[in-house]
Amino acid sequence: MDHNSSETKDTLVQLLSPQRLRGKVAVITGGARGIGAATARVFAENGAHVVIADILNEVGTSLAESIGGRYVRCDVSKEEEVESAVKVAVEWKGRLDIMFNNAGIAGFGGSITNIKMDQMMTLLAINLHGVVHGIKHAARAMIAGK
């Protein structure tokens, strides 16, 4: 490809544009604080419509209102709640473009020899199953939207 072509320049302008996400619809799990909240703000500043999916109702609602987005309560370990979060995006804007599976919890600390299996099951339900739930329902929405 000729790096001086107008196509290349147009692509670079689009990638570097402060509005490069204009009109895109995103769901961010764990979006009420930390990396998720920072991502929600940046996405909105770059023109995206953001659905914050989290279990922190008050913080999530406040952030969603401040960025012109939507909030939905979502425990990612529960598949039906992830499916509902995706539906909120699709019903709001007619499609889903971005699924940021950000929700997660840290390990429980200490030695593996002392871990309680109920703690491990919670960790897996959120950090593994939650991501699979997000991929599954986002992919369905994205495929249907093409």
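Here the sequence shown stands for residues 642 to 787, where the numbers follow our numbering. All C-beta atoms in this analysis are idealised placements derived from N, C-alpha and C, irrespective of residue type, glycine included. Treat the numbers as computed from the prediction; the structure is a model and nothing was measured.
With a CB to CB cut of under 7 Å and the five nearest residues on each side skipped, what residues in its chain are close to residue i?
i	result
G664	G688
G786	R736, L737
K777	none
To which residues of the same chain is residue i closer than 8 Å at the C-beta, ignoring the five residues directly before and after it?
i	result
W733	V666, H690, V692, R711
A766	S718
Q760	F749
Pull up the CB-CB distance for residue i and residue j, whole angstroms please, since I reckon it's below 8 Å.
i	j	result
H774	V713	So it is not a contact: roughly 14 Å between Cβ atoms.
A747	L704	Rounded, the Cβ-Cβ distance is 21 Å, inconsistent with contact.
I708	A685	4 Å
V727	A779	6 Å
Using DSSP's beta-bridge definition, name the partner residues of residue i.
i	result
V700	According to DSSP, V700 bridges with nothing at all.
F741	I669
Excluding sequence positions up to five away, which residues of its chain have a Cβ less than 6 Å from the Cβ of residue i?
i	result
G677	I669, G671, N743
Name the two residues that bound the continuous beta strand (DSSP E) containing residue i.
i	result
R663	Per DSSP, R663 belongs to no beta strand (DSSP E) and is neither H nor E.
R736	It is not in any beta strand (DSSP E) - R736 carries neither H nor E in the DSSP assignment.
Closer than 8 Å is the cut-off here; do at least three beta carbon pairs connect the stretch 664 to 684 with the stretch 734 to 747?
yes
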